[in-house]
Amino acid sequence: MTDYNTILVEVRDRTGLITLNRPKALNALNTELMNEVVDAAEAFDADPAIGAIVITGSQRAFAAGADIKEMSVKDFSEMSTEQFFSRWDRLASLRTPTIAAVSGYALGGGCELAMLCDLIIAGESATFGQPEINLGVIPGIGGSQRLTRAIGKAKAMDMILTGRNMKADEADRLGLISRMVADDDVLPAALEVAGTIAGKSAIASALAKEAVNRAFESGLTEGVRTERSLFYSTFATQDQTEGMAAFVEKRDPDFQHR
Ligand code: CAA
Numbered sequence: 001m002t003d004y005n006t007i008l009v010e011v012r013d014r015t016g017l018i019t020l021n022r023p024k025a026l027n028a029l030n031t032e033l034m035n036e037v038v039d040a041a042e043a044f045d046a047d048p049a050i051g052a053i054v055i056t057g058s059q060r061a062f063a064a065g066a067d068i069k070e071m072s073v074k075d076f077s078e079m080s081t082e083q084f085f086s087r088w089d090r091l092a093s094l095r096t097p098t099i100a101a102v103s104g105y106a107l108g109g110g111c112e113l114a115m116l117c118d119l120i121i122a123g124e125s126a127t128f129g130q131p132e133i134n135l136g137v138i139p140g141i142g143g144s145q146r147l148t149r150a151i152g153k154a155k156a157m158d159m160i161l162t163g164r165n166m167k168a169d170e171a172d173r174l175g176l177i178s179r180m181v182a183d184d185d186v187l188p189a190a191l192e193v194a195g196t197i198a199g200k201s202a203i204a205s206a207l208a209k210e211a212v213n214r215a216f217e218s219g220l221t222e223g224v225r226t227e228r229s230l231f232y233s234t235f236a237t238q239d240q241t242e243g244m245a246a247f248v249e250k251r252d253p254d255f256q257h258r
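According to the numbering used here, the residues represented by the sequence shown are 1 to 258, in order.
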């Protein structure tokens, strides 16, 4: 397996696990870490033996944001010419379902990385926030868009304009996260959910994920039209034949995992 400097990568059954590993900087997202996370996630996405990807951090921090020290010396011209955050967008295009397992701080880019994932599983003491306003900037990895779609304008404005943090119970209530679990259970719970997802039909998971994301990105009519055509396309797959035959024959389905 490839050697990385800022992340740890391992495979647990059919789940690819990426652990952010810059503990001294609370997993601040610098360019090297961005490139490594995207490379590792894309490698898992291309591997038919992998059916789900979990991204996690440490107990203290999922990630405390984009690396302020790295950004502090840059000017407008460099940020825009380098398209500084653009590689992160590639995580949103993965076909394999992704789960953020969040303990501790998920601030700024850390919150945005969690929201780039399909599900967020968070510990009771996890803290979410978009505190960029305190640095004289605004969210830059999709936070103003994904947070607003996830929890609505009123709450997103509150967080983004005041820079206040939100604890996991509020994030759970508002629908920012999928599940809140005891702090010690974050990674086990995320791996269990990943295992469940990885046991389903891979093609159906990819299409289901695409359909839900369309709801996030478009209006209702276009979204329903997309869902309908993706649904019809499942009838071109062996997994549809197998899944429905298994139901009729009262047995477990034997899905293709690629
Ligand atoms: N970038 C770079 N380094 C960071 C960092 C970040 N986002 N967050 C923490 N660190 C570093 C600290 O500088 C410190 O390093 P040193 O020991 O070398 O000084 C180390 O991590 C530990 O941090 P603290 O001593 O500050 O730890 P704490 O427990 O007192 O506070 C914290 C924790 C509240 C998370 C605090 O570190 C903090 O406020 N961090 C910044 C949060 C932030 O503003 N995030 C948004 C960044 S901008 C962004 O993300 C833009 C975007 O949209 C992509």
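Every residue gets a Cβ at the ideal spot worked out from N, C-alpha and C, and that includes glycine.
Residue i Cβ short of 8 Å to the ligand HEM heavy atom set
{"i": "Leu20", "result": "The model on display carries the ligand CAA but not the ligand HEM."}
Pairwise C-alpha distance: residue j and residue i
{"i": "Gly163", "j": "Asp239", "result": "46 Å"}
{"i": "Leu187", "j": "Ala101", "result": "6 Å"}
{"i": "Asp172", "j": "Ala182", "result": "13 Å"}
{"i": "Thr56", "j": "Gly16", "result": "11 Å"}
{"i": "Glu223", "j": "Pro253", "result": "Before going further, note that residue 223 is Gly rather than Glu in the sequence given. Roughly 29 Å between the two C-alpha positions."}
{"i": "Asp13", "j": "Thr6", "result": "23 Å"}
{"i": "Leu107", "j": "Ile203", "result": "33 Å"}
Burial state of residue i (16 or more Cβ within 10 Å)
{"i": "Tyr232", "result": "exposed"}
{"i": "Met159", "result": "buried"}
{"i": "Pro23", "result": "exposed"}
{"i": "Gln130", "result": "buried"}
{"i": "Thr241", "result": "exposed"}
{"i": "Ala126", "result": "buried"}
{"i": "Arg95", "result": "exposed"}
Supposed close pair residue i, residue j - CB separation, criterion 8 Å
{"i": "Ala28", "j": "Ala66", "result": "7 Å"}
{"i": "Ala168", "j": "Gly110", "result": "Not quite, the Cβ-Cβ distance comes to about 14 Å (not below 8 Å), so this is no contact."}
{"i": "Leu91", "j": "Phe128", "result": "18 Å between Cβ atoms; not a contact."}
{"i": "Gly142", "j": "Glu112", "result": "5 Å"}
{"i": "Ala43", "j": "Gly104", "result": "Contact flag wrong, Cβ pair sits at about 27 Å."}
{"i": "Thr98", "j": "Cys117", "result": "4 Å"}
Check: residue i C-beta below 8 Å from any heavy atom of the ligand CAA
{"i": "Met71", "result": "yes"}
{"i": "Asn134", "result": "yes"}
{"i": "Val224", "result": "no"}
{"i": "Phe231", "result": "no"}
{"i": "Pro97", "result": "no"}
{"i": "Gly51", "result": "no"}
{"i": "Phe85", "result": "yes"}
{"i": "Asp67", "result": "yes"}
Short CB-CB distance (under 9 Å) between residue i and chain E
{"i": "Val37", "result": "Absent here is chain E; the protein component of the structure consists of one chain."}
Local conformation of residue i per DSSP, three classes
{"i": "Asn165", "result": "strand"}
{"i": "Leu91", "result": "helix"}
{"i": "Thr196", "result": "helix"}
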